[in-house]
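Residue 21 in our numbering is what sits at position 41 of the sequence shown, and the numbering runs on without skipping anything.
Here the structure is laid out as structure tokens; the discussion comes afterwards.
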Amino acid sequence: MYISVAERTEEIAIRRAFGAKSRDIELQFLIESILICVTSGFIGLILGVVFATIIDVLTPDYIKSVVSLSSVIIAVSVSILIGLLFGWIPARAASKKELIDIIK
-19 MYISVAERTE EIAIRRAFGA KSRDIELQFL IESILICVTS GFIGLILGVV FATIIDVLTP
41 DYIKSVVSLS SVIIAVSVSI LIGLLFGWIP ARAASKKELI DIIK
């Protein structure tokens, strides 16, 4: 997310020039971070279910892999938490940039 913030300074400047508040910019980057993490989490979850099914087909009957609802909830929750934790600092940095500093 730090790279995203660094590369999008012009966008931040334009939004600030049109009246966006620091909170709006922070919220935008935080939501983007959470969406990226949740999407990645769901892709990982789908791949996990696919591989668990493949393992079930290839292994003997006494070895079963199970994907429970609690493991799905934990995976999605961890994805959201990671998005919050690792997205908050870059989002905060983006919202604190001053318009004059960006224009220079």
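No residue lacks a Cβ here, since even glycine has one placed at the ideal position from N, Cα and C.
Nothing here was measured: the structure is a model prediction, and the numbers come from that model.
Identity of the residue in the options nearest residue i by Cα
| i | options | result |
| --- | --- | --- |
| V47 | I83, G28 and K76 | G28 |
| W68 | L7, A(-3) and T19 | L7 |
| T19 | I62, I(-6) and I80 | I62 |
| G21 | A73, T33, I54 and F31 | I54 |
| F141 | E(-13), I80, V58 and I43 | The requested residue 141 is not part of the displayed model; the chain covers only -19 to 84. |
| I87 | R(-4), A32, I23 and C17 | What is shown of the chain runs -19 to 84, which leaves residue 87 out entirely. |
| I11 | T39, V52, S59 and V37 | S59 |
| G24 | V56, E(-9) and E(-10) | V56 |
Simplified DSSP assignment, three categories, for residue i
| i | result |
| --- | --- |
| E(-13) | helix |
| I43 | coil |
Own chain partners of residue i with C-beta closer than 8 Å, once the 5 adjacent residues on each side are dropped
| i | result |
| --- | --- |
| R3 | S75 |
| I26 | none |
Bounding residues of the alpha helix (DSSP H) (the contiguous stretch that carries residue i)
| i | result |
| --- | --- |
| S86 | Any question about residue 86 goes unanswered here, given that the chain covers just -19 to 84. |
| G63 | L49 to K76 |
Other residues of its chain near residue i: CB distance less than 7 Å, five sequence neighbours each side excluded
| i | result |
| --- | --- |
| L64 | I14 |
| R72 | E6 |
| S45 | A32, I35 and D36 |
Cβ-heavy atom distance, residue i to the ligand ZN, below 7 Å
| i | result |
| --- | --- |
| G24 | Absence of the ligand ZN is noted for the structure shown, with no ligands found whatsoever. |
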